[in-house]
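These notes are about the structure you will find just below.
Protein chains: 2
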Amino acid sequence: MSRKNTREAIVEMADRLFYEHGYEHSSFADIGDAVGISRGNFYYHFRTKDEILEAVIGRRLEQTAALLAQWNQESPAPRERIARFIEILITNQAKIMRHGCPVGTLCGELAKLDHPFLPMANQLFSLFRDWLSRQFVALGRADADVLAMHLLVRSQGVAVLANAFRDEAFVRREVRMACDWLDGELSREPVKIQASATSPTV
Amino acid sequence: MSRKNTREAIVEMADRLFYEHGYEHSSFADIGDAVGISRGNFYYHFRTKDEILEAVIGRRLEQTAALLAQWNQESPAPRERIARFIEILITNQAKIMRHGCPVGTLCGELAKLDHPFLPMANQLFSLFRDWLSRQFVALGRADADVLAMHLLVRSQGVAVLANAFRDEAFVRREVRMACDWLDGELSREPVKIQASATSPTV
DNA sequence: GTCTATATGTAGATAGAC
DNA sequence: GTCTATCTACATATAGAC
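See the structure below:
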């Protein structure tokens with residue numbers, strides 16, 4: 009390898025292959041061949057497959073945090089920031105139609121495998137959830153987390169169905185509907201959440 | 009096996025294991041052990057793993073069609089029928105929180121594997137889509153398919169996030185929000201869909 | 001129809017030369 | 001750091017006895 013950092017090259021390729029073909033379906037041979045190294049060399053950098061998965065999730069967590077920080081910088085207004093989240097469905101449309109959402113599909117696969125790194129992968133969702141929630145808080149919403157989760161619901165649902173039906177017009181339409189929903193919500197007065205139960209014993 | 013039909017027992021167990029642990033992660037040994045037959049006997053009934061997958065998808069297609077027919081019988085009003093679709097998120101809540109939506113996770117996995125039976129699995133989505141669309145048509149909506157797809161978006165998004173966060177209150181709340189959305193939609197006048205493009209050359 | 005035994009391929013993982 | 005050779009485990013799949 010002429011690369012300065014083989015380890016980085018492995019993680020980058022594993023990240024891509026895990027997304028495109030799934031974690032379980034991506035073998036050491038697949039990753040090694042794609043990077044251009046032997047399996048033996050592979051094991052010099054990672055002793056187990058779980059180690060690679062951990063590195064990939066760590067990388068995604070870093071990149072997601074960086075993306076959100078970038079959105080914070082580029083869009084001062086919370087309303088615009090939320091819109092950028094919704095629009096990633098358009099920005100990454102081609103990949104989402106082919107492979108689904110990188111976060112949703114990884115968490116789904118690890119849940120099926122009952123994998124110990126599932127909680128770590130779920131932190132990817134939490135990054136978006138908490139960031140969205142902060143934007144709604146900044147807009148004075150008491151039900152910020154409810155709205156944040158609802159936007160996650162819409163984006164995940166669109167990703168799943170975009171992957172199944174591969175219909176660009178559908179994605180654009182749902183993005184428009186989500187933006188309309190956002191406008192509608194933000195034109196209301198802030199609403200207090202009702203307590204979920206009155207009995208203290210439950 | 010004391011069962012009358014071993015083949016049926018295999019398909020039934022494979023259906024369950026594919027749902028709980030994924031298609032690729034469920035081996036012949038797993039299925040055979042769970043049913044209580046040897047691997048040799050297994051191959052008497054199914055020559056390849058794809059054959060079992062085909063049988064499982066076929067079974068799900070039949071059961072889904074039967075479920076929709078049952079809803080048609082039990083609920084004459086389209087509005088109530090649509091509500092029943094939304095409420096499967098509550099009915100199957102425990103399973104969805106553990107393993108996600110059976111349809112969404114199967115289609116997602118087969119998409120990753122680029123599996124030839126992906127189109128067949130996607131028909132599961134189409135069954136719900138078309139059925140929902142017919143209900144909205146019965147309610148006089150010109151944009152019936154748009155509304156049907158939107159309900160699929162919501163249910164798939166809730167399933168993905170219920171699987172990740174395992175939060176019952178979240179599921180109940182989103183179901184309520186979906187019902188509210190439905191009420192809001194059905195209290196409007198029917199809306200014509202705009203043509204997606206004016207140019208006939210595109 | 002069901003079983004045991006076995007063939008064959010491929011996965012993850014290791015040892016040791018260079 | 002990188003390679004080749006190798007090991008072990010397990011997956012799909014087959015053959016043939018009962």
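In order, the protein sequences belong to chains A and B. This note's numbering puts the first residue of the first sequence at 9, with every later residue one more than the last. This note's numbering puts the first residue of the second sequence at 9, with every later residue one more than the last. Quick reminder that beta carbons are idealized off the backbone N, C-alpha and C, glycines included.
Can you tell which of the options has its C-alpha closest to the C-alpha of residue i?
i	options	result
Thr99/A	Asn13/A, Val19/A and Val183/A	Val183/A
Lys57/A	Phe36/A, Asn49/A and Glu88/A	Phe36/A
Ile60/B	Ala85/B, Gly112/B and Asp23/B	Asp23/B
Leu169/B	Glu82/A, Leu114/A and Gln101/A	Leu114/A
Asp188/B	Ile94/B, Thr14/B and Asn80/B	Ile94/B
Leu121/B	Thr14/A, Arg15/A, Glu32/A and Asn13/A	Glu32/A
Glu117/B	Arg181/A, Arg180/A, Ala177/A and Ala172/A	Ala172/A
Glu176/B	Gln101/B, Met128/B and Ala74/B	Gln101/B
Gly112/A	His29/A, Ala167/A and Gln143/A	Ala167/A
Leu190/B	Gly30/B, Arg47/B and Met157/B	Met157/B
Kindly list the residues whose CB is nearer than 7 Å to the CB of residue i, restricted to its own chain and excluding five residues on each side of it in sequence; keep chain order.
i	result
Val210/A	Because the pLDDT at Val210/A is just 44, under 50, the model does not fix this residue reliably, and the value given afterwards should be weighed accordingly. Answer for Val210/A: no residue qualifies.
Leu25/A	Ser34, Asp38, Ile39 and Ala42
Gln71/A	none
Tyr27/B	His107 and Pro110
Arg92/A	Trp79 and Ser83
Asn130/B	Cys115
When every heavy atom of the ligand PLP is checked, does at least one fall within less than 7 Å of the C-beta of residue i?
i	result
Ile65/A	You won't find the ligand PLP in this model; it holds no ligand whatsoever.
So which residues of chain A does residue i contact, with C-beta pairs closer than 8 Å?
i	result
Gly165/B	Leu160, Val161, Arg162, Ser163, Gln164, Gly165, Val166 and Val168
Phe133/B	Leu169, Ala172 and Phe173
Val154/B	Arg181
Since residue i meets chain A, which of its residues come closer than 7 Å, beta carbon to beta carbon?
i	result
Gln32/B	As written in the sequence, residue 32/B is Glu, which differs from the Gln given in the question. Simply Glu32 and His33.
Gly108/B	Gly116 and Ala119
Met21/B	The premise fails here: Met21/B is roughly 16 Å from chain A at the closest Cβ pair, so nothing lies under 7 Å.
Which chain B residues sit within Cβ distance under 7 Å of residue i?
i	result
Phe178/A	Met157
Gly112/A	Val168
Met128/A	Near Met128/A there are no residues of chain B at all, since even the closest Cβ is about 12 Å away, more than 7 Å.
Can you find the residues in the same chain that come closer than 8 Å, C-beta to C-beta, to residue i, ignoring five residues on each side of it along the sequence?
i	result
Leu160/B	Phe133, Phe136, Arg137 and Leu140
Pro124/A	Asp58
Thr14/B	Val43, Ile45, Asn49 and His53
Glu62/B	Phe125 and Met128
Ala73/A	Leu135
Closer than 8 Å by beta-carbon distance: list the chain B residues that pair up with residue i, in chain order.
i	result
Asn171/A	Cys115, Gly116 and Ala119
Below 9 Å on C-beta distance, what does residue i contact in chain B?
i	result
His29/A	Lys120, Leu121 and Asp122
Residues in its own chain within less than 6 Å of residue i by CB, not counting five upstream and five downstream?
i	result
Arg162/A	Ala186
Arg174/A	Met105
Query raised in the report: Per the contact definition of three or more C-beta pairs closer than 8 Å, is the stretch 10-27 of chain A in contact with the stretch 60-74 of chain A?
Result: Because the criterion of three Cβ pairs below 8 Å is met, the stretch 60-74 of chain A and the stretch 10-27 of chain A touch.
Query - Three or more C-beta pairs below 8 Å linking the stretch 145-157 of chain B and the stretch 102-120 of chain A - result: At 8 Å Cβ cutoff, the stretches do not touch.
Query raised in the report: Which whole runs of the alpha helix (DSSP H) in the stretch 43-92 of chain B are 4 residues long or more, in chain order?
Result: Within the stretch 43-92 of chain B, the alpha helix (DSSP H) runs of at least 4 residues that lie entirely inside it are, in chain order, 47-53 and 57-82.
Requested in this report: Give, in chain order, every unbroken run of the alpha helix (DSSP H) that is at least 4 residues long and sits entirely within the stretch 86-125 of chain B.
Outcome: Positions of the alpha helix (DSSP H) runs, each at least 4 residues long and wholly inside the stretch 86-125 of chain B, are given as 86-99, 101-107 and 110-121 in order along the chain.
Requested in this report: Assess, as a yes-or-no matter, whether the stretch 85-94 of chain A is touched by the stretch 183-196 of chain A under the definition of 3 or more beta carbon pairs within less than 8 Å.
Outcome: Per the Cβ contact rule, the stretch 183-196 of chain A is in contact with the stretch 85-94 of chain A (3 or more Cβ pairs under 8 Å).
Query raised in the report: Could you give the uninterrupted runs of the alpha helix (DSSP H) lying entirely in the stretch 165-204 of chain A, keeping only those of 4 residues or more?
Result: Secondary structure remark: continuous alpha helix (DSSP H) runs of at least 4 residues inside the stretch 165-204 of chain A, in chain order: 176-194.
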